[in-house]
Structures are given as C-alpha cells and as structure tokens.
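As structure tokens, the structure follows; a few thoughts come after it.
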Amino acid sequence: MINHDVTNIRVRYYDTDQMGIVYYGNYARYYEIGRVETLRFLGLTYKEVEEGGISMPVYDLNSRFIRAAKYDDLLTIRVTIPQMPKTRLMFSYEIFNQNGQLLNTGQTTLVFVRSDTGRPCSAPAELVEATKPFF
C-alpha cells in the first residue's frame with residue numbers, strides 16, 4: 059500500500075460558495091492535486107504517461123463530506139494507493155484541515171486507455187515498477 063501526504067494546500071476564496079465553504083465540486087480538484095503529486099512522489103508524471111501513449115481517465119469518483127473546509131484553511135490531502143495497478147488505478151483520499159480534523163474522504167478509480175485507439179490497456183510498466191516496493 060502506498061501512502062503519501064500532500065500538505066499546505068490553501069483554500070482560495072474562489073474555491074468557496076456563497077455560504078463561505080468549499081463548493082462540493084472542488085473536492086475533485088483536490089483529489090487531482092493529490093493524484094498528481096503522489097505520482098510525482100513515485101517518480102512519474104501524467105505528462106510522461108501520456109507521452110507513452112496512455113491516457114488515464116477517471117472511471118469512478120466517490121466523495122463523503124464530513125465537515126466543511128473554509129476559506130483560508132490549510133489542507134492536507136492524504137492519498138493512498140491500496141493495490142497494485144493493473145488495468146485500473148485506485149486512489150483513496152482523506153482531507154484534513156490545519157487542526158487535524160477530517161473533513162472529507164473520497165476515492166477515484168482511473169483506467170488505462172491507449173491514446174490512439176481509446177481501448178483499455180494494462181498499466182504502464184514504469185508505474186508497475188515504481189509501485190512494486192510498496193506492495
């Protein structure tokens with residue numbers, strides 16, 4: 059299992075709604091920040107994967123709202139990859155505020171798709187190799 063914390067994500071004013079809390083749709087952006095930085099932690103970038111001819115569209119997204127994140131909160135996104143990537147790559151998320159309060163949990167599943175054909179494929183070898191030491 060891979061665990062990685064992405065810290066010091068500041069809630070911007072434009073992230074909030076009329077009630078002064080983070081608009082629910084913006085949590086998907088926080089998840090993406092977590093995914094991108096976790097892949098970077100593993101030594102890969104989306105750009106490198108895409109240059110290798112593979113896209114990783116989101117297949118499934120779930121989110122649970124526990125407490126509200128507010129303007130100027132400093133967030134930590136805890137990202138977990140619970141299983142080795144094969145034809146899918148799952149990420150789980152826990153988002154905490156600066157006081158350590160759990161605000162949100164979520165999960166996304168991405169699938170690997172050949173960019174030229176749009177057909178499913180296996181995880182890129184570089185990603186499989188990068189994740190092996192954690193499982």
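Quick note, our numbering runs 58 ahead of the 1-based positions in the sequence shown. All residues carry an ideal CB built from backbone N, CA and C; glycine is no exception. Fair warning: this is a prediction, and the values are worked out from it, not measured in the lab.
Judged by DSSP secondary structure, Y85 falls within the alpha helix (DSSP H) whose first and last residues are Y85 to F99.
S150 and R125 have their C-alpha atoms some 18 Å from each other.
Cα atoms of R172 and A188: separation of roughly 20 Å, rounded to the nearest angstrom. Judged by DSSP in its simplified three-state form, P191 adopts helix. A direct Cα-to-Cα measurement between L147 and V169 gives close to 6 Å.
By DSSP's assignment, N162 forms a beta bridge with F123 and I153. Judged by DSSP secondary structure, V107 falls within the alpha helix (DSSP H) whose first and last residues are Y104 to E109. In this structure, S121 places its C-beta atom within 8 Å of the C-beta atom of G164.
Per DSSP, reduced to three states, the secondary structure at Y117 is strand.
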